[in-house]
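When the letters of the sequence shown are read in order and numbered with the numbering used here, they come out as residues 375 to 536. Worksheet for the structure shown next.
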Amino acid sequence: MKKSIGLLVLVMVLMSCNSGKKNNDIYSSVGESSKKSNHPGKKLMETNCYICHSPTANHDDRIGPPMIAIKKHYINDNTTKEEFVASIQAWIKNPNEEDARMFGAVKRFGVMPKQAFPEESIIQIAEYMYDFEIEQPEWFEAHFNKKSGNQNGQGMGKRKGK
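Okay, structure coming up:
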């Protein structure tokens, strides 16, 4: 019995000495996944935004562009988190054709109706969108590349828009 415990301790010590960056990456990705699923902006987006911007609606039956399209039009390689959040807040507070960044969406769906969300909810949704990959419809990547001429549009932000 003592030999079994000693062998188990020896194996654990050897494995921990060999853990290095590879195992740390595993733990950080699990932590990242946990942060994503627990982020308050995720639930707020699913509850408030997916009504019109659903990632599961097909291309022809949509009532608004998917959230990934919004993210890709509001983030480029130089966009800071603060700039992104401020832009989303400004649009939600006063959606209008003159300030639109998604001209095709405005043409197809019209200007988004004004929403009365608490400012803190908008901040949490925008921060979640900026920091994490968000769901996208199966058809979206091909559609986006076709519309942007395979040049990835205005940029894809830190998370490459996914």
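Quick reminder that beta carbons are idealized off the backbone N, C-alpha and C, glycines included.
Count the other CB atoms, across all protein chains shown, that sit within 10 Å of the CB of residue i; report buried if there are 16 or more and exposed otherwise.
| i | result |
| --- | --- |
| residue 425 | exposed |
| residue 477 | exposed |
| residue 520 | exposed |
| residue 465 | buried |
| residue 446 | buried |
| residue 487 | exposed |
DSSP three-state call for residue i: helix, strand or coil?
| i | result |
| --- | --- |
| residue 453 | coil |
| residue 490 | coil |
| residue 498 | helix |
| residue 442 | helix |
| residue 519 | helix |
| residue 384 | Summary for residue 384: the model assigns pLDDT 48, below 50, so the residue's position carries little reliability; its value from the coordinates is reported in the next sentence. Three-state DSSP puts residue 384 in a helix. |
| residue 482 | helix |
| residue 414 | helix |
| residue 422 | helix |
| residue 503 | helix |
| residue 462 | helix |
| residue 434 | coil |
| residue 512 | coil |
Between residue i and residue j, which are expected to be in contact by the criterion C-beta below 8 Å, what is the C-beta distance as a whole number of angstroms?
| i | j | result |
| --- | --- | --- |
| residue 427 | residue 444 | 7 Å |
Roughly how many angstroms lie between the CA atoms of residue i and residue j, to the nearest whole one?
| i | j | result |
| --- | --- | --- |
| residue 459 | residue 497 | 6 Å |
| residue 499 | residue 508 | 11 Å |
| residue 505 | residue 516 | 23 Å |
| residue 452 | residue 423 | 25 Å |
| residue 404 | residue 470 | Here residue 404 scores only 47 on pLDDT, less than 50, and its place in the model should not be relied on; the value that follows carries that caveat. Distance between the alpha carbons of residue 404 and residue 470: 40 Å. |
Quick test of the definition: if touching needs 3 or more C-beta pairs under 8 Å, does the segment 424 to 440 touch the segment 482 to 490?
At 8 Å Cβ cutoff, the stretches touch.
Three or more beta-carbon pairs under 8 Å between the segment 413 to 423 and the segment 491 to 500, yes or no?
Remark: three or more beta-carbon pairs, one from each stretch, lie closer than 8 Å, so the segment 413 to 423 and the segment 491 to 500 are flagged as touching.
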